[in-house]
Structures are given as structure tokens and as C-alpha cells.
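Enquirer: Top to bottom, those sequences are chains A and B. Here the numbering used here is used: the first sequence runs in plain steps of one and ends on residue 523. Here the numbering used here is used: the second sequence runs in plain steps of one and ends on residue 809. Here you go, one structure.
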Amino acid sequence: MTPMLSLAAVSVPAHLGADLLALSPVVVLFLSAMIVLIVEAVHRPQDKRVHLITTMAAIAGALALTVLVTADAVGSGFGGMVSFDQYAVFFNVAVLIASLLAVVVSPDYLARIGVPIGEYYALTLFAAVGMLLMNMASDLVMLFIALEIMSISFYILCSIKRSDPRSIESGFKYFILGAFSSAILLYGIAFIYGATGTVNLDGIRAAIAQGVDPHLLYAGLALVIVGFCFKIAAVPFHMWTPDVYQGAPTSITGLMATGVKVASFAAFGRVLVVGFLDVKDEWVGVLWVVAALTILVGNLAALVQDDLKRILAYSSIGHAGFLLMALVAVGDASQASGLLFYLLAYVFMSMGAFAVLTLFSFQGQDVTDVRGLTGLSRERPWIAAGLSLCLLSLAGIPPTMGFVAKFYVFSAAVSAGYTGLAVIGALGGALGVYYYLRPIVLMYMTPDGEPVPIERSPTVNGVLGLACAAVLLFGVLPDLIVPLAKAGLASLGG
Amino acid sequence: MDNLLSILIFLPLLGGIGCFLAPDSAAKGVALATSVATFLLSTLLWADYDPYGPAFQFNEAVAWLPDLGISYAVGIDGISLLLILLTTLTMPIVVLAATPYISKRLGHYLGWMLVLEMAMIGTFAALDTFLFYVFWELMLIPMYFLIGIWGGERRIYATIKFFIYTMAGSLLMLVAFLWLYGAFADQHSGTYSALITDLYGLDLLPSAQYWLFGAFALAFAIKVPMFPVHTWLPDAHVQAPTGGSVVLAGVLLKMGTYGFVRFAIPLFPDAAVAFAPCIGALAVIGIVYGALVAMVQDDIKKLVAYSSVSHLGFVMLGLFAMNSQGVSGAVYQMLAHGVSTGGLFLMVGILYERRHTRAISDFGGIAKVLPAMSFVFMIIVLSSVGLPGLNGFVGEFLILLGAFEHSPWMTAIAATGVIFGAVYLLWMVQRVLFGPLTNPDNKALAGQDLTPKEWGYLAPILVLCVVMGVFPGPFLTVMEPSVDRLVEVMVSHADLPATWSAMPLPADTVAPVLQGGHH
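So this is what it looks like as C-alpha cells:
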């Protein structure tokens, strides 16, 4: 790495070196992905742990670079295509944590479901590249490219279990709807370009300030919002989520629920705040309605699900609604930085839950019926306790990180004057409690049935332990994170 | 000790974690030692509390989320002091009563109990609204597990109903809290504060107060529970294990009434005054309805559960009488009800463990085979009925006295609740303890009278029933200045003639100590 960087710094205009340095986490991930691909193609190693080690090292390296090199970064690079600001750094850390946790639980799980494929790791790394770039993109074209890098990786990852029709269905559905929504997004970008003459977010803001054709601009903005709503699974564009989440391999579902959500919200937030904050009145109403619907539909639909992956899928829809509350309040309330806090919290609590779910796979099949949890507290008390903690955090019960996160977004909505939305959020949150409690009831309170045998995996124990520690630590001491989240949102000028 | 309150809050948590990790046999010792130590420490609060000192004492404050003005701030006034003592006294009793009846996972049971104790003390001590909310919600989790794991047959239904009811109410309260933070920041050029003492000073329009009061009142009314949001209570009580019922009736229900005292009324005095007739009416309905429903129950535990609805109706009536007699009576009744009803649930548990039924019709003539148990049961029932000389009388009397000045006809209806109370409780006693001993299962109880350990944990309750009935003075003295501050807030916002609250108590009737406090 180092010789290449210094070479770049010498032979090309000076700022390219700085730009590449700031982009170094992405570069590391990308090169590692290529290495995994080449090694897999050339050597076809029987033991896929070599890929695991490369991948983990790459993500850990990217994490270290993000924290060490780019943490103080300010400004933008590559001609304004990407931003290096605290906002991007915060989200990059969240995405990298999610990727790392997902990768760590993968090898045991992949072995169990019979998918010993080296490309899995390469694709995960490519997905991470896309997600990081989405966090940083300050240009709509760059954003689109990043989105596609991420999405195409996930289309393949979802259907990587080729023998399972549900996995194929998952990938196919995700591909069709993803392509569809990408097209809508791109169409919107074209309209915005038509109205403002630029695809750079700062440029768009400046153009709007000088006056543009409102019809073209808002038509474009509407399409962009629809495109994003597909990606974050907001109602009424959420239909794909349960099937895709259920069919995809569980470790990938975890990464989709967390990483994709983080990156999509990061990009959505940046577009709205940097590009369109001056015309907030035009889009806030739509977002209000979408947020309210998303909260209610997500939490209501989850009530009647019996499959844990589907429950978590609808739960992720519900959480998208709470996150939208923060976007509704953005610009009007400083607590909108709860968006960042919430997403980091969501990474921990959701990855903890999905890590446990990877243990429920036998003879190549995921067995994620919620009733399979019956009596888990006797069989595996620590796993049951950890999963309960993650679920209580998802439900927003103190003293967990999930509670502080909800507190912040509710607080943002109320401070910005959207008390009605907060009330809807409160009702939705109360509804949600039921389906988060149901697995706990089965684990602890149902008389001994025939518990489904559950696998053992030290990596899952580790991931769950880490997730629980974070959920509790940052729940009790949120001030360790809150200033970073605030600085992140502030760096957008929002 | 400068941070006595924090020690009181976190000592049970440590003990609770110890219970989770220790084997069942050791957990018993850990739980007992922790709860007794907590109780002994809490008596230091009583010793060092100065009723005529500042409004809140033993204060501690550490910044927690500085950007929103949120801090870990605790402190107590006379009312919370008494409620904390009630909590710390209840806990060793519950720990003792757990064995030998809790057969599975005893360590977890005791662990959850101690976590619950921590949350309850924290709720009573919190002076920061955020902290209050955290502890308030935290109480749900232990109770959820206590009912759900160690409860009766329909425990899962009961525990989920309990959880969702409470959660729905409290989330709306959270929104109202958030609105208050926003209002505070607006009125103080952007500085946030979540301190309850800061929020008291807010200048709120009556129209805003109505909504906010509504949100708070709903959350607290569910917890009290007031008619018509009481329906979770009978389920939760009947299904909960004995210890769970004791804590639920003894302390948790007081969270609701305490919420009115600490938050809903002083934060929104205009709205409280405006809604007082409404809440008074619901309280009276609760008193009569609870009593009538209790009368027709065949399940003793359900009967006691509905008696709580009735008794807590008295507390609410007293609070919204908005004079010092009514409010003192309400606080006193909170304590008395905690002692008596906690005791009643213990007795029901003792009876159930011997006969494995709670149906009144299965009993009869128990006094002949279990004389000591019947004696204790009788005293606790009489204290719950409100027999003069026992603890229940003082509170009820003060409440009715206060309420009469506020609304004679409401008081008249409420007073029938006292009569019904005597009817359903004494009738139950008559059918259970007295009468012919016909059922052979009951005859077989001979020789299974109270064990020394049962005497041990019932003794404090009996002593308190008598002491609180005969010497209400010390208790009233401690709470009086705090009560007066609350009454002052209400009266200053009420368009009532000042004489309403200044009516002197007949000095020789109840409590000479009250003399110093009215204004």
C-alpha cells in the first residue's frame, strides 16, 4: 500500500495523494477483494479460512485507516465527487463494524448451509466498497455508481445458495426491484441535472438558491426520494424486504439489514441536507407521511409473522420509519443527529440478533421459525440472554442503546414541531414491543417442549458478546457516541 | 455518606447480578444479605432527613447527556423517602417468602427481584425526568420475567398484557416529556434541562397543559390502576407468583400515584385543577366498582387484586381533593395499602402453598386447624378494611375528610366503598377462616400452621399495621412539608376560595402533627 500511495503523490497533482489517502479504506477493501478473487480463481483453496483472514484483515485495516487517517479529514476530493467529513467517517465506521461482524459469523454458517464459496468474501468486500462510497458520495453520479457497486454485490450474495429456491427467489426479487428502483433514482437524477445543470450536491444547492425550474426539480426530487425509499425499505416501497431477507443466507441478511440500511440512510441524508435543505418545505410533508406509514405498517405486519427472519425484516421496516423521523426533523432540531446514533445502535442490536439466527441452520436449511426458540434459556442460557438483550434494545427499552436512539429521534421530531409524528412513533413502538417479547416468551416462559437443536459457534458467541457489550455500554453512557454523531451531522452544515 | 441514594440504588443491582451468577443455594444468602443491607442503609435516610429542610435532600447530580441537559440527578423529599422505605422493607420480606415455594431457578427469581428493587428505588429518587423514565421502564423487565416465568397458568397472557399496557402509556408520556424539553429550551434561549425542579418553573399555556397532563395522566393512571384502564391488574396479580404480587401491590402500584404527585400535578397545575372533577369521578367509580367486583370473586387473589383497584381509588380521590388532609391521607394510604395488601398477598400465598387452591368455596373453618395463621390473616384484613387503630384507618379517614371539603356528594359515594370494603373482605374471611370445617382437605391442614420463618417475615407487617394505626405522627411529620408544597402549587392555581385548604383538622381526632402544616 504505502509505496503505491507515495508514488501517486509524487507523479500526479499534489492533492491526488491526499485524496487517495482519504480514500484509503476503500482502496484497501477493493484491492483485498481482488486478491480474494484471484486467489480463489487460481488456487481454489480447500480451506476457505484464508479468504476469511484476508477479508477480516482488510475490514479491520479499513476500520483502522478510517479512524486514524480520515477521522480528522475535512473537505472533499476527486473534484467534489466524494466528501471526507465527520458524517462520512461516522457512517464508514458503522458500515465497517457491520461488515466485520457479518464476516466473522460467516465461515461456520456457510459450512453448515453448504456454500463453501470463496467469492462470498470478495463480494462482501465489494459490497463494503459500495457502502463506504455511498457514505461519502457528494455527487449524484458518484452516488449512483456506489449504489450499484453495493447492490450488484448483494444481488449475487442473496442468491449465492444456488441449490435453495428461496435463495434464488430472494436474489431475483432483490435484483428486479433493485434494478427498478435504481432506474427510478437515475431518472430522478437526470431530472435534477436538467433543472440545475449539475449533479454535485453543493452545486445543486447553489443552483436552487439562484432559482431553477421548480417542476423539473421537484419531479426529479420526488423520483430520487422514491428510489431511496426502495433502498431503505420504507412503506409503500417495502414489499420486497420480507422475502429477500428470508431467502438470503442469514449472515447476508444481517449485513443487508444493517450495512445497506446505514449506507442508504447516509446517502439519503446527505442528499436531503446538502442538496435540498433550503426547500425542505417541499419534501418534508411526503417524508412525514412515509415515516408514519412505515412505522405503523412495519410494526403491525411484524405482529403476525412466525418466522424470525421475517419478524426482523418487518422490524427493520419499522426502524426505517423511526429513522425517517430524524430526517423529517433534520435542519430544525439538533437532535436530528439521532439519525447517526440510531443507525450505529441498529448495527449492534440487529447484528447481534442475526448472529444468533445463523445458529439455526441444519442440514443446509435455515430453520428460523420462532417456535424453534422454545426452551433456549435452558439449553443455551447465555445465547438466550444475549438475544433477549438485543431484542429489548430493538424494542427500545432502557438502559439499552436502542432506547437512547429512540429517545433522540423522538426528541428531534418533537423539537422540530412534529409532535404528531412522535405520537404515531410512540404507538408504533408500543405495538412493536409485542413481537420483540414473543421470542423472549418462548425462550424463557414456555414449558419444555422439544427444542430444536442449536449449533455451537465460538464466533457467534463473540459477535453476540460484542454486540451486547456495545448495546449496554452506549445505552448507559451514550455520551461516548453522541458528540461524534453531532459532529457528523454538523459537518454537513445541516 | 454523600452518595447514600446512589448506594441504595446500585447495591441491589450488584446483589441481583450476584444472584444471577451464583448457584441457587448461595443466591438465597446473597439476596437476603443485599436486601437487608439495603433496608438498613435506607433507615439512615430516615434518620438524616430534615422535614423542614430544603425540598429535596440527599441530592446528587452528574452530567449524563449534557447536550440535552440530562443528568443523573437524584434526591428525595418526604414522600419519596417514605416510599423508598416501603420498598426496602418489602424486599427482604419477599426474599424470605420466596423459599421454599419458588422451586425452579431460584437464583434468577431473586436476581430479578433485586433488579426490580433497584429500578423502584431509582424511580422514587430520580429528579431528572430522563432518569425517571429510564427507571420507570426498567421496572417492566424484571416484572415481565417474574410473572412470565414463575407465574400461574395464564402467565404469558398476563405478563404481555401488563407490559404492553404500561409501555403504551409510558411512550406517550415520553413524547410529553420531550415536548417539555422543547418548551424549556424555547423559554431559556436554547439551553436544555431535564431537571424536574427546572421544569416546574415552566410557563405553559393551559391548552398545552391539557394535552401534556393527559399524556402523563394516562401513563400514571394505567399504573395506579384507575378505572377504566385497570384491566391488566387482576390478570397480572392472579398469575404472578406470591412475591411478584406483593411487590406489585405493595410498591409498583404506588408508582402511578407517585407519578401524579411528583410530575403530573406540579408540572401542570392548571390542567390538574381543571381535570380534578374528572379524575375524582373516575376515582370514585373505581372505588365502588372495585369493591363490587371484589365482592363476587371466588378467587381470593382476584378479590385482593380488585380491592387494590378500590383502595387506590381512595388515593386518587385524596390527591385530587387538593387540600393537605386529602393529600396527606393519600400518601398515608399509599403506605398503608402497601403494607396491608402486601400482607394479604403473603397470606394468600401461604394458604395457597398449603392447599393449592385459591377458591374461597374450597375453604371453610381454617381457623380451627391453622389458628395462628388465621389470627395474622384477620389482623391484616382488618387493617385493610380500615379498622380504627390499624393503619388503613388513618389514610382513609384523612382522604374522606379532605374530599368532603372538596365535594360532599363524591365523598358520600366513596364512603360506601368503605362499607363495601368491609363487606367483601370480612365475608371472605368468614367463608375461609370460620364456619364448619367440612372439607377433608382442609382438615388435613392441622399441624401446618405458620413456620417460624413465616412468623419472621409477617412480624414486620403486623408491627407496622399497629404502629401506623396508633402513631401516625412521625410518618405525617416527615411528609407534611412536602405535601404542603404540593398543595400550595395546586391551590395557587385553583380558583377556589383559600379557605378550602385552610380548614383545620380536628386536632384531637387524628394527628396533632398536622396542625403545624396548614396554611
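Note that the Cβ used here is the ideal one computed from N, Cα and C, for glycine as well.
For residue 538(B) versus residue 530(B), is the C-beta distance shorter than 8 Å?
Expert: Position 248 of the second sequence, counted from the first residue, corresponds to residue 538(B). Position 240 of the second sequence, counted from the first residue, corresponds to residue 530(B). Contact flag set, yes.
Enquirer: By the 7 Å beta-carbon criterion, what residues does the segment 305-320 of chain B contribute toward chain A?
Expert: Answer set for the segment 305-320 of chain B: empty.
Enquirer: Under a three-way DSSP split, which group does residue 144(A) fall into?
Expert: Locating residue 144(A) in the first sequence gives position 115, counting from the first residue. Of the three classes helix, strand and coil, the one that applies to residue 144(A) here is coil, per DSSP.
Enquirer: Could you check what DSSP says for residue 218(A) in three-state terms: helix, strand or coil?
Expert: As a working note, residue 218(A) is residue 189 in the first sequence. Note: residue 218(A) maps to helix in three-state DSSP.
Enquirer: Please name the residue, chosen from 497(A), 273(A) and 147(A), that lies closest to residue 188(A) on a Cα-to-Cα basis.
Expert: By one-based count along the first sequence, residue 188(A) stands at place 159. Nearest of 497(A), 273(A) and 147(A) to residue 188(A), Cα basis: 273(A).
Enquirer: At 7 Å on the CB atoms, spell out the chain B contacts of residue 468(A), in chain order.
Expert: As a first step, residue 468(A) must be located in the first sequence, where it is residue number 439. What residue 468(A) touches in chain B: nothing, since even the nearest Cβ is about 12 Å away.
Enquirer: For residue 229(A), name the three-state secondary structure that DSSP assigns.
Expert: One-based indexing of the first sequence puts residue 229(A) at position 200. If DSSP states are grouped into helix, strand and coil, residue 229(A) belongs with the strands.
Enquirer: Flag residue 410(B) as yes if its beta-carbon sits less than 8 Å from any beta-carbon of chain A, otherwise no.
Expert: The residue given as residue 410(B) occupies position 120 in the second sequence. No, no contact with chain A.
Enquirer: Starting from residue 348(B), trace the alpha helix (DSSP H) in both directions and tell me its first and last residue.
Expert: Counting from one through the second sequence, the residue named residue 348(B) turns up at place 58. Taken as a continuous stretch (DSSP letters only), residue 348(B) belongs to no alpha helix (DSSP H), being part of the beta strand (DSSP E) at 347-355.
Enquirer: Determine, using beta carbons only, whether residue 474(A) comes closer than 8 Å to chain B.
Expert: On the first sequence, residue 474(A) is found 445 positions in, with the first residue counted as 1. Closer than 8 Å to some Cβ of chain B, the Cβ of residue 474(A) qualifies, so yes.
Enquirer: By alpha-carbon positions, which one of 549(B), 456(B), 715(B) and 304(B) ends up nearest to residue 416(B)?
Expert: Residue mapping note: residue 416(B) aligns to position 126 of the second sequence, counting from 1. Answer by Cα proximity: 549(B).
Enquirer: How about residue 261(B) and residue 631(B): are their beta carbons less than 8 Å apart?
Expert: Shown here, chain B extends from 291 to 809; a query on residue 261(B) therefore has no answer.
Enquirer: Beta-carbon of residue 358(A) versus every beta-carbon of chain B: anything under 8 Å?
Expert: Taking the first sequence and counting its residues from 1, one reaches residue 358(A) at position 329. Output row for residue 358(A): interface = no.
Enquirer: Looking only at C-alpha atoms, which of 699(B), 756(B), 649(B) and 686(B) sits nearest to residue 732(B)?
Expert: The residue labelled residue 732(B) in the question sits at position 442 within the second sequence. Measuring from the Cα of residue 732(B), the nearest candidate turns out to be 649(B).
Enquirer: Using 8 Å as the threshold, is the segment 772-783 of chain B in touch with the segment 693-703 of chain B, meaning 3 or more CB pairs across them?
Expert: Not touching, per the Cβ criterion.
Enquirer: Since residue 406(A) contacts residue 472(A) with CB under 8 Å, what's their CB separation in whole angstroms?
Expert: For this step, residue 406(A) is matched to residue 377 along the first sequence. For this step, residue 472(A) is matched to residue 443 along the first sequence. Right, the Cβ-Cβ distance comes to about 5 Å (below 8 Å), so this counts as a contact.
Enquirer: The segment 441-452 of chain B: which residues have C-beta closer than 9 Å to a C-beta of chain A, in chain order?
Expert: Within the segment 441-452 of chain B, the residues whose Cβ lies closer than 9 Å to some Cβ of chain A are 441, 445, 446, 449 and 450, listed in chain order.
Enquirer: In this structure, how does DSSP classify residue 361(B) when only helix, strand and coil are distinguished?
Expert: Residue numbering aside, residue 361(B) sits at position 71 when the second sequence is read from its first letter. Three-state result, residue 361(B): strand.
Enquirer: Can you give me, in chain order, the residues of the segment 448-481 of chain B that have a beta carbon less than 7 Å from any beta carbon in chain A?
Expert: Residues passing the 7 Å Cβ filter: 450, 453, 454, 457, 458, 461, 462, 464, 465, 468, 469, 471 and 472.
Enquirer: If you draw a straight line from the alpha carbon of residue 160(A) to that of residue 151(A), how long is it in whole angstroms?
Expert: The sequence position of residue 160(A) within the first sequence is 131, counting from 1. The sequence position of residue 151(A) within the first sequence is 122, counting from 1. Distance between the alpha carbons of residue 160(A) and residue 151(A): 14 Å.
Enquirer: Below 8 Å on the Cβ atoms is my contact criterion, and I expect residue 653(B) with residue 722(B) to pass it. Report the Cβ-Cβ distance as a whole number of Å.
Expert: By one-based count along the second sequence, residue 653(B) stands at place 363. By one-based count along the second sequence, residue 722(B) stands at place 432. Residue 653(B) to residue 722(B), Cβ: 4 Å. Contact.
Enquirer: For residue 408(A) and residue 401(A), what's the separation of their Cα atoms in angstroms?
Expert: As a first step, residue 408(A) is located in the first sequence; it is residue number 379 there, counting from the start. As a first step, residue 401(A) is located in the first sequence; it is residue number 372 there, counting from the start. Cα to Cα, residue 408(A) sits roughly 12 Å from residue 401(A).
Enquirer: For chain B, check one thing: does any of its Cβ atoms lie closer than 8 Å to the Cβ of residue 335(A)?
Expert: Taking the first sequence and counting its residues from 1, one reaches residue 335(A) at position 306. For residue 335(A), the answer is no, since every Cβ of chain B falls outside 8 Å of its Cβ.
Enquirer: For residue 655(B), collect the residues of the same chain with a Cβ closer than 6 Å to its Cβ; drop the 5 residues on either side in sequence, then sort them by chain order.
Expert: Here residue 655(B) corresponds to residue number 365 of the second sequence, with the count starting at 1. Here the set comprises 725, 726 and 727.
Enquirer: Any idea what DSSP makes of residue 789(B), helix, strand or coil?
Expert: Residue 789(B) sits at position 499 when you count from the first residue of the second sequence. Per-residue confidence for residue 789(B) stands at a pLDDT of 39, beneath the threshold of 50, marking its modelled position as unreliable; the derived number appears in the next sentence. Helix, per DSSP.
Enquirer: Please determine, among 704(B), 359(B) and 536(B), the residue with the shortest C-alpha to C-alpha distance to residue 478(B).
Expert: As a position in the second sequence, residue 478(B) is number 188, starting the count at 1. Answer by Cα proximity: 359(B).
Enquirer: Tell me the residue span of the alpha helix (DSSP H) that contains residue 380(A).
Expert: Numbered from its first residue, the first sequence carries residue 380(A) at position 351. Start and end: 367-386.
Enquirer: Taking the C-alpha atoms as reference points, what is the distance between residue 546(B) and residue 552(B)?
Expert: Against the second sequence, residue 546(B) aligns to sequence position 256. Against the second sequence, residue 552(B) aligns to sequence position 262. Each residue's alpha carbon lies about 10 Å from the other.
Enquirer: With 8 Å as the limit, tell me which residues of the segment 497-515 of chain B have their beta carbon closer than that to any beta carbon of chain A; keep them in chain order.
Expert: The segment 497-515 of chain B vs chain A, Cβ under 8 Å: nothing.
Enquirer: Can you tell me whether residue 601(B) is buried or exposed, with buried defined as 16 or more other CB within 10 angstroms of its CB?
Expert: Numbered from its first residue, the second sequence carries residue 601(B) at position 311. Buried: at least 16 other Cβ atoms inside 10 Å.
Enquirer: Does chain A have any CB closer than 8 Å to the CB of residue 792(B)?
Expert: Counted from its first residue, the second sequence places residue 792(B) at position 502. Interpretation of residue 792(B) is limited by its pLDDT of 41, a score under 50 that renders its predicted location unreliable; the figure taken from the coordinates is listed afterwards. Taking Cβ atoms only, chain A never reaches closer than 8 Å to residue 792(B), which makes this a no.
Enquirer: For the segment 384-418 of chain B, enumerate the residues whose C-beta is nearer than 8 Å to any C-beta of chain A, in chain order.
Expert: Within the segment 384-418 of chain B, no residue has a Cβ that lies closer than 8 Å to any Cβ of chain A.
Enquirer: Quick one: is residue 524(B) near chain A, going by C-beta distance under 8 Å?
Expert: Start at 1 with the first residue of the second sequence, and residue 524(B) comes out as number 234. It does not; no Cβ of chain A falls within 8 Å.
Enquirer: Residue 356(B) touches chain A at which residues, Cβ-Cβ below 8 Å?
Expert: One-based indexing of the second sequence puts residue 356(B) at position 66. Under the 8 Å cutoff, chain A gives 508.
Enquirer: If you measure from the beta carbon of residue 297(B) to each beta carbon in chain A, is any gap under 8 Å?
Expert: For the purposes of this step, residue 297(B) is identified with residue 7 of the second sequence, where counting begins at 1. No, its Cβ sits nowhere closer than 8 Å to a Cβ of chain A.
Enquirer: Go through its chain and collect everything with a Cβ distance to residue 110(A)'s Cβ below 6 Å, but skip five positions before and after it.
Expert: Along the first sequence, one-based indexing puts residue 110(A) at 81. Hits under 6 Å: 168 and 171.
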